[in-house]
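Scroll down for the structure; my scribbles are underneath it.
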Amino acid sequence: MKRKFLCLLPLLLLCLTANAQGNAAAAINLKQAETLKFGMLALGVWALINILVSSIKLTKSSRNKRYFFQMNIYWNIVNMIIAGGALYYILSVDAAARTLPETVAFHSWNLKLLYLSIGLDLAFLMLAAYLKERSLTSPRAEQYLGYGQSITLQALFLLALDVTLVVLLEGHAEQLLPLIQG
């Protein structure tokens, strides 16, 4: 009897370790989901406010401001679609049910996506600078200037949001590392 118990002891410890890892992974998954939900809610609220304010201001503006508000509306329709789709996914998936390998893969995928988004934000800032410069010599100066100003505003907000989300998710990576090594 004693021998059987000693043989089962390592198996029991292995099960307890796996369960602890599962609980830790579930906690990390829930934190990641909350972080992503916060980010997508912030994006959605930003988009909604921009669409409402720009729609009202568009009717009363002229020259380059008209193009500024026009681009804000176009840009934030896309932001609403992105935020809505991401929130639908985040809220419809049980984050706590992910296994440790799924947790690592999901975390890695989100970080890659955010780093790509930061790169796009920087590219948008360069596009905005190009449009502003182009407005100095183009017959479509008002349009280029308004679009450039709008893209600058939107890209700076997205850059701040993406960097914030990366910093928060990288904090979760520090909690994942011991689980992977253990």
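According to mature numbering (1 follows the signal peptide of the UniProt record, and there is no 0), the sequence shown holds residues -20 to -1, 1 to 162 in order.
For every residue, glycine included, the Cβ atom is placed at its ideal position computed from N, Cα and C.
Item	Value
Among L105, K92, I8, E150, the one whose alpha carbon lies nearest that of D74	I8
Where L116 sits in the DSSP three-state scheme	coil
Three-state secondary structure (DSSP) of T39	coil
Member of I31, L16, S42 whose CA lies at the smallest distance from the CA of Q134	I31
Whole-angstrom distance between K40 and F86, CA atom to CA atom	46 Å
Under 8 Å between C-beta atoms of N44 and E150	no
The region 76 to 96 contacting the region 55 to 62, beta-carbon criterion three pairs below 8 Å	no
Beta-carbon separation (whole angstroms), Y69 vs Y127, contact threshold 8 Å	Actually they do not touch by this definition, with Cβ atoms about 31 Å apart.
Any 3 or more C-beta pairs closer than 8 Å across the region 16 to 33 and the region 102 to 120	no
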